[in-house]
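**Student:** Here it is, the structure, as structure tokens.
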Amino acid sequence: MRDFQLIQNSTFDLIVIGGGINGVGIARDAALRGLKTLLVEKDDFASGTSSWSTRLIHGGLRYLEYFEFNLVRESLREREVLLHTAPHLVQPLQMTIPIYEESSREYWEIKAGMLLYDVLSFDKTVPGHRMLRPQQFRQLFRAAKKAGLKGAAQYFDGQVEYAERLCLEVALDAKEAGATMLNYVMVTKLEMDGAAGAIASMTCRDQLTGETFTVNCTNAVVINTSGPWVDKVCGLARQNDQPASVVKERKIGGTKGSHIIVDPFPGAPTSALYVEAYADNRPYFIIPWLGKYIIGTTDHRYDGALDSVKADNEEIDYLISETNRVMPLAQLTRQDIRFTYSGVRPLPYADGKKAGSITRNHILYDHTPDGAKNLISLIGGKLTTYRQVGEEMTDKAYKKLGRSAPACQTLTKLLPGAMNDFKPTLEKAIARYGDRVSRPSIQHLFAMYGGKAIEVLALVDDAPDLAEKVVDYLPDIKAQAVYAVRSELAYTLVDICRRRTAIAMLSDYGFDALSVLTATLAKHCGWSTAECDRQITQYRKFMEANCIPNYCLTAEEAQKQAA
Ligand SMILES: Cc1cc2nc3c(=O)[nH]c(=O)nc-3n(C[C@H](O)[C@H](O)[C@H](O)COP(=O)(O)OP(=O)(O)OC[C@H]3O[C@@H](n4cnc5c(N)ncnc54)[C@H](O)[C@@H]3O)c2cc1C
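Be aware that the sequence shown starts at 356, since it is given in this note's numbering, and climbs by one per residue.
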């Protein structure tokens, strides 16, 4: 897989820059339709915006306010596709919107939105909406604010608890279909052929070893799916070592969104709430998630550094106070925050527009008029709609290559862990491994890996110690770390704790799992002592830079982070 000499000597039909959900979705669709495909990702798959979302597979009820009916219909159709092709990862989620006297949206407006949402999802398999009278809402959400309650609306959307694993499974399926999928490979230069008006080659650096290599792009379509980095990647264009332009104007105007994760709190709802914030009328979510609650998000224009984005103290306080307002028993304080995360939405640049009103529609921008006829950039694109983007982009690539496109397969093709009925397999696994791995751990593996849980469990056959738990209060077992490295292209502790598992978000930022994990990886994957120490240092830095609130850092840590 990481034979760069071979890659340098190869030619590709399609080259994808960026391994977020959209990049891997395009690589999968293209490879399944016979295009020789290469994807390079500078960090890990889903390390960009794709790992910092609210984890909803949703139509985007809010977009109805901006008359984005096409986007809502497309998202609702894709929600249905994912419920069927990735049932182990995407599940229906019941959502309730309380409506208060002070809400900026009237009861009848919400009701009209609900009706429209149902019409636009006419082919759905989840139940339609229902409106609740105040008394019905109070019975279901006893601890919610009662004063001024006018009623509520209840409807279904989808939730992908392990959004990072959705991205990973798409990447692994692309690899299975023949695509070359390289994480930790960064594009550092796009060399232009001015006469041809196209990208001739791209220079890449292996982030793990520092090795550089060149990829021939002469006969390829190059797809820029670098999310919020789209303009930066365009800025890598050079001709004879002089900056060259492949785009006339800025394409991305990112907005930052932050979340907090808290333990169940007094009066916590048993299902998801979609609430209008008192401070600015923005809707935000309170969502049960893996035994905890995700609360978010904010939405602010963002022009800062993209490689580390962090919830600031004001965003955290805003989410805490809004939650306490609608859930008065919660009494959350900064001390209750278990994890925070922030991402930058790769939205189209729209000067002067309110952050929430910028379209969430995606644009496939063809750079031909700017002098790069083999380059297409993706502007925007939600987690929910990645499959549709993959289909459209592959169609477009085939057109550019002057070849007719075979039929798209991703509407019905299952993701690797998907199984129609996993119960018999789960029961067999419990019968076979139940003496070594606890039932909750086996169930947890099936919830996380689907049918692939069997491969994780099989590691225990040869190495019984891998059946042990990583930390006693989580169901994760040591075998998962080894599986991540051997079969899921993981290279770092951050990959393992943050994106192959959710250990980082469910324990003390994952810190109490590190010694067990490094010992396991030293024993089973050949990590040296020096490598283990380096990984732990790198892991701490990552958590400080992205996830631990600033008010929890010591002055020295904060200074280091700022530097
Ligand atoms: C707060 C928040 C909440 C959201 N909630 C939802 C939600 O609930 N549901 C939903 O559907 N959508 C949601 N979204 C939107 C969704 O998460 C993003 O639109 C989507 O993940 C973007 O994916 P992407 O692949 O385009 O970009 P990214 O995931 O950012 O991937 C781009 C990749 O390009 C790589 N890259 C950059 N430069 C280079 C280079 N030079 N060489 C190689 N690789 C490079 C980066 O490392 C990165 O991994 C949310 C977004 C945010 C910020």
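The beta-carbon is built from N, C-alpha and C at its ideal position, and this holds for glycine as well.
1) Does the Cβ of S732 lie closer than 6 Å to at least one heavy atom of ligand 1?
2) By the 10 Å Cβ neighbour count, where 16 or more other Cβ atoms means buried, how is N377 classified, buried or exposed?
3) Jot down the residue ranges of each uninterrupted alpha helix (DSSP H) in the stretch 429-508, minimum 4 residues, whole runs only, in chain order.
4) Give the secondary structure of L537 by DSSP, where H, G and I count as helix, E and B as strand, and everything else as coil.
5) Assuming contact is defined by CB atoms lying nearer than 7 Å, are K930 and M541 in contact in what I supplied?
6) Quick check: what's the CA-CA separation for L470 versus S613?
7) For K397, verify whether its CB is less than 6 Å away from any heavy atom of ligand 1.
8) Work out the CA separation of I452 and I616 for me, nearest whole Å.
9) Less than 6 Å between the CB of L411 and some heavy atom of ligand 3, yes or no?
10) Using a threshold of 6 Å, is the CB atom of G698 nearer than that to any non-hydrogen atom of ligand 1?
11) Mind checking I362: buried by the 16 CB within 10 Å criterion, or exposed?
12) Any idea what DSSP makes of E631, helix, strand or coil?
13) Tell me, please, whether the CB atom of N716 is closer than 7 Å to any CB atom in chain D?
14) Among residues of its own chain, excluding the 5 on either side of L781, which ones have a beta-carbon nearer than 6 Å to its beta-carbon?
15) Assign L584 to one of three DSSP states: helix, strand, or coil.
16) Whose C-alpha, out of Y846, L563 and G646, is nearest the C-alpha of Y828?
17) Using only the alpha-carbon positions, how far apart do E843 and R493 sit?
18) Cα separation between T740 and A910?
19) Secondary structure at E843, three-state DSSP: helix, strand or coil?
20) Since I believe A498 is in contact with L684 (beta carbons under 8 Å), could you give me their beta-carbon distance rounded to a whole number of angstroms?
21) Is C887 helix, strand or coil when you go by DSSP?
22) With burial defined as no fewer than 16 other Cβ atoms inside 10 Å of the residue's Cβ, what is the status of A502: buried or exposed?
23) Would you kindly report the start and end of the unbroken alpha helix (DSSP H) that includes K326?
24) Within 10 angstroms of the Cβ of V474, are there 16 or more other Cβ atoms? Answer buried if so, exposed if not.
25) What span of residues does the beta strand (DSSP E) with P638 cover, start to end?
26) Could you say if the stretch 843-859 and the stretch 510-529 meet the contact criterion of at least three C-beta pairs nearer than 8 Å?
27) Using the three-state DSSP reduction, which class does M547 fall into: helix, strand or coil?
28) Taking the C-alpha atoms as reference points, what is the distance between G772 and R428?
29) Does the stretch 898-909 touch the stretch 661-669, meaning 3 or more C-beta pairs lie closer than 8 Å?
30) Using C-beta distances below 8 Å, list every residue in its chain close to K920, excluding the 5 sequence neighbours before and after it, in chain order.
31) Can you look up I903 in the DSSP assignment and give me helix, strand or coil?
32) By Cβ distance, which residues of its chain are closer than 6 Å to G865, with the 5 residues on each side in sequence left out?
33) What separation, rounded to the nearest whole angstrom, lies between the Cα atoms of F897 and G403?
34) What separation, rounded to the nearest whole angstrom, lies between the Cα atoms of A634 and R656?
35) Are the CB atoms of V601 and A592 nearer to each other than 7 Å?
36) Flag this pair as touching only if the stretch 884-894 and the stretch 707-724 have three or more C-beta atom pairs under 8 Å; answer yes or no.
**Tutor:** A quick look at the data gives this:
1) no
2) Flag for N377 reads buried.
3) 462-475 and 489-495
4) Annotated three-state conformation of L537 is strand, per DSSP.
5) Because the chain spans 356 through 918 in this model, residue 930 falls outside it and cannot be assessed.
6) 30 Å
7) yes
8) 20 Å
9) Looking for ligand 3 in the displayed structure turns up nothing; the ligands present are ligand 1.
10) At least one heavy atom of ligand 1 is nearer than 6 Å to the Cβ of G698, so yes.
11) buried
12) strand
13) The chain inventory of the structure shown lacks chain D, comprising one protein chain alone.
14) Scanning its chain for C-beta atoms nearer than 6 Å, with the 5 sequence neighbours on each side dropped, one finds around L781 the residues F801, in chain order.
15) Residue 584 is actually Trp in this sequence, not Leu. Helix.
16) Taking the Cα of Y828 as reference, the smallest distance to any Cα among Y846, L563 and G646 is reached at G646.
17) 45 Å
18) So the alpha carbons of these two residues sit roughly 42 Å apart.
19) coil
20) Rounded, the Cβ-Cβ distance is 5 Å, consistent with contact.
21) helix
22) exposed
23) An answer regarding residue 326 cannot be provided, because it is not within the stretch 356 to 918 covered by the chain.
24) exposed
25) P638 to W644
26) yes
27) strand
28) Rounded to the nearest angstrom, the gap between the Cα atoms of G772 and R428 is 27 Å.
29) Segments in contact, yes.
30) Residue coverage of the chain in this structure runs from 356 to 918, which leaves residue 920 outside it and unanswerable.
31) Coil at I903, not helix or strand.
32) C852, I858 and A859
33) 13 Å
34) Looking at the two C-alpha atoms, the distance is approximately 17 Å.
35) yes
36) no
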